[in-house]
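With mature numbering (1 follows the signal peptide of the UniProt record, and there is no 0) applied, the sequence shown covers -15 to -1, 1 to 169.
Even for Gly, the Cβ is constructed at its ideal location relative to N, Cα and C.
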Amino acid sequence: MVTILALLASLVTPAADLPCTYLSRSQQELHQVQACASLENGQPVLNSAVFDDLLFDEKEGGLAQIHVNKAWHWVRPDGHMQAVLTFDNGADPFSEGLTRGPGTQGVAYFDHNLQRVLDLPYAWGMPFQDGHALVCVDCVESVSAGEHRERVGDTWGVIDRAGKVVVAPELSLQDALSRLDLLP
């Protein structure tokens, strides 16, 4: 009977069994922990020791970054986390106040409060530069030589900060880049 109760308790009590990597405030370097978070409603929840050791960076809007549950996340000081794209072995950096992450239909853009400001139907979106971003309808991840991956696709366009189409997504990457260079 005791064994059955212990088994049932283990099913309802989430175990902190997700490994993570994060920039440690105490060690001032990347730190790995084997059991740093649990999943609640499909979202990682950090244990208090890891959360207390996160390095919140004012240069990044007061956010910390952590790799947990197979994705990089930005974390607010109140504990709210948002999964984002991986960029150069870390969380996708903010460009013009926005970072990229998974959306409900494709790529999404999030602000420093980790609020979704654009939820787009595109398979991929580049960081914003000068108020515009390249987007791709049919991009897929391609493993290139070395450790980096790239997105390849044939159907590119340009959007503005409101998500409005500026150049219809019907061009090659090269043609979309040329059109982007001509925008004000």
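### Query
Going along the chain, which residues of its own chain have a beta-carbon closer than 7 Å to the beta-carbon of M111, five neighbours each way excluded?
For M111, where only same-chain residues beyond five positions count, the Cβ hits under 7 Å are A118 and L119.
### Query
Hey, A93 and G86 are a contact pair by Cβ (cut 8 Å); roughly how many whole angstroms apart?
Confirmed, Cβ separation roughly 5 Å.
#### Entry: Continuous alpha helix (DSSP H) stretch holding R164: start and end
Its alpha helix (DSSP H) spans residues L158 to L167.
### Message
Below 8 Å on the Cβ atoms is my contact criterion, and I expect V35 with V60 to pass it. Report the Cβ-Cβ distance as a whole number of Å.
### Response
With 8 Å as the limit, V35 and V60 do not qualify as a contact, their Cβ atoms being about 10 Å apart.
#### Entry: Outcome for L48 when other beta-carbon atoms lying within 10 angstroms are tallied against a minimum of 16
It counts as buried.
#### Entry: 8 Å contact criterion, which L165 and V150 should meet: CB distance rounded
About 13 Å separates the beta carbons of L165 and V150, which is beyond the 8 Å limit, so they are not a contact pair.
### Message
Can you tell me where the alpha helix (DSSP H) holding S33 begins and where it ends?
### Response
It spans S33 to D38 - the alpha helix (DSSP H) in which S33 sits, taken as one unbroken run.
### Query
For E135, which three-state DSSP category applies?
Residue state, collapsed to three classes: strand.
### Query
Do you know how far the Cα of Q13 is from the Cα of T6?
The alpha-carbon of T6 is positioned some 13 Å away from that of Q13.
### Task
With D104 as the anchor, note down where its beta strand (DSSP E) starts and where it stops.
Per DSSP, the unbroken beta strand (DSSP E) holding D104 starts and ends at R101 to D104.
### Query
From Q90, I51, Q114 and Y107, pick the residue whose C-alpha is nearest to that of C21; which is it?
C21 has its Cα closest to that of I51, out of Q90, I51, Q114 and Y107.
### Message
My assumption, with CB atoms under 8 Å, is that G91 sits in contact with A108. Please give the rounded CB distance.
### Response
Rounded, the Cβ-Cβ distance is 5 Å, consistent with contact.
#### Entry: Those residues which DSSP pairs with E126 across a bridge
As a beta-bridge residue in DSSP terms, E126 pairs with R136.
### Query
Are D123 and T140 close, meaning C-beta to C-beta below 8 Å?
With a cutoff of 8 Å on beta-carbon distance, D123 and T140 are scored as near each other.
### Query
DSSP state of E25, grouped into three classes?
Here E25 sits in strand by DSSP.
### Message
Please report the straight-line C-alpha distance between E155 and L162, rounded to a whole angstrom.
### Response
The straight-line gap from Cα to Cα measures roughly 12 Å.
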